[in-house]
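J.: Got a structure for you, questions after.
Numbering (full-length UniProt numbering), first residue to last: 1 to 233.
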């Protein structure tokens with residue numbers, strides 16, 4: 001389902017665009033495009049690319065349609081696929097009440113958290129290609145979290161502590177858990193190959209509002225992230 005997602009045009013993200021889009025350009029071409037089209041371009045390796053804002057999603061306009069599809073209780077019923085790529089960013093025009101598109105890219109994990117919250121889901125699973133949340137990811141002393149509280153993860157400064165794309169995923173998981181109407185809501189991050197085990201709560205990192213001791217580690221210190229040894233909760 002093509003989903004439009006409302007964002008705030010005054011979101012701070014519009015002041016500092018960070019999402020790379022489109023092809024790469026040389027420095028001179030990037031500068032010319034910035035001048036002629038009003039783009040913001042930034043270095044991406046040895047080349048330049050256009051960047052656009054990545055505002056927080058506020059509302060999924062087609063959420064009632066998603067609920068209607070999920071309410072169909074029959075064998076082989078519809079399985080809606082929604083919020084692809086974070087959805088289509090739009091903003092509500094105050095003078096007409098209609099919606100207008102914006103040049104932006106909504107983070108897909110943030111949008112997924114909003115979707116799960118609006119559907120009042122018990123849990124929200126984010127699948128990765130590197131397992132759950134790791135300390136010292138990629139190093140000989142790497143270890144994976146089994147359970148972690150939102151306060152513990154926020155104390156690690158998720159956006160800066162976790163490398164690559166993991167920071168936004170952790171932030172999205174925290175957002176879902178802390179803003180869910182369900183006090184027992186949980187989020188999980190884990191490897192795509194372990195999806196069934198994550199649903200069964202046998203793999204991945206589980207995030208809840210409270211965890212005894214704030215964090216519990218898998219008992220596998222020293223294993224690299226690519227390790228495929230079965231995980232014991």
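C-beta: ideal position from N, C-alpha, C; glycine also.
(1) Any idea if residue 165 is buried or exposed, counting beta-carbon neighbours within 10 angstroms, 16 or more meaning buried?
(2) Note down the Cα distance separating residue 118 from residue 10, rounded to an integer number of angstroms.
(3) Could you spell out the range, first to last residue, of the beta strand (DSSP E) harbouring residue 151?
(4) Let me check understanding here. Comparing Cα to Cα, which of 207, 200, 98 lies closest to residue 169?
(5) If you drop the 5 nearest sequence neighbours on each side, which residues of the same chain put their C-beta closer than 8 Å to that of residue 7?
(6) Check for me: the beta strand (DSSP E) holding residue 123 runs from which residue to which?
(7) Out of curiosity, what's the CA-to-CA distance linking residue 202 and residue 131?
(8) What are the start and end residues of each continuous beta strand (DSSP E) run of 3 or more residues lying completely inside the stretch 8–83, in chain order?
(9) Could you tell me which residues DSSP pairs with residue 145 in its beta bridges?
(10) Are there 16 or more other CB atoms within 10 angstroms of the CB of residue 17, so buried, or fewer, so exposed?
(11) May I have a chain-ordered list of the alpha helix (DSSP H) segments no shorter than 4 residues that lie completely inside the stretch 159–215?
(12) Note the first and the last residue of the continuous alpha helix (DSSP H) segment covering residue 100.
(13) Starting from the C-beta of residue 93, find all residues in its chain whose C-beta is less than 8 Å away, skip the five residues before and the five after it, and write them out in chain order.
(14) Taking DSSP's pairing of strands, which residues face residue 92 in a bridge?
(15) Going by beta carbon distance, what residues of the same chain come within less than 6 Å of residue 236, once the five residues before and after it are set aside?
(16) In the structure shown, what three-state DSSP assignment does residue 118 receive?
(17) Exposed or buried, residue 70, counting other C-beta atoms within 10 Å across all chains shown (16 or more means buried)?
(18) How about residue 148 and residue 215: do their beta carbons lie closer than 7 Å?
(19) Am I right that residue 187 and residue 176 are in contact with their C-beta atoms under 8 Å? What's the rounded C-beta distance?
(20) Taking only the alpha-carbon atoms, compute the straight-line gap between residue 95 and residue 213 and give it to the nearest angstrom.
(21) Quick check on the burial criterion: 16 or more other C-beta atoms within 10 angstroms. Buried or exposed for residue 224?
(22) When you compare only the Cα positions, how much space is there between residue 19 and residue 210?
T.: On the basis of the coordinates in this document:
(1) exposed
(2) 23 Å
(3) Taken as a continuous stretch (DSSP letters only), residue 151 belongs to no beta strand (DSSP E), being part of the alpha helix (DSSP H) at 150–155.
(4) 207
(5) 55, 56, 57, 58, 89, 90, 91, 102, 104, 106
(6) 123–128
(7) 12 Å
(8) 19–25, 40–44, 47–52, 57–60
(9) 217
(10) buried
(11) 166–179, 195–199
(12) That residue, residue 100, is in no alpha helix (DSSP H); its beta strand (DSSP E) goes 99–101.
(13) 99, 100
(14) 99
(15) Because the chain spans 1 through 233 in this model, residue 236 falls outside it and cannot be assessed.
(16) helix
(17) exposed
(18) yes
(19) 5 Å
(20) 52 Å
(21) In this prediction, residue 224 has a pLDDT of 38, which is less than 50 and means its spatial position is unreliable; what the coordinates show is noted afterwards. Exposed: under 16 other Cβ atoms inside 10 Å.
(22) 33 Å
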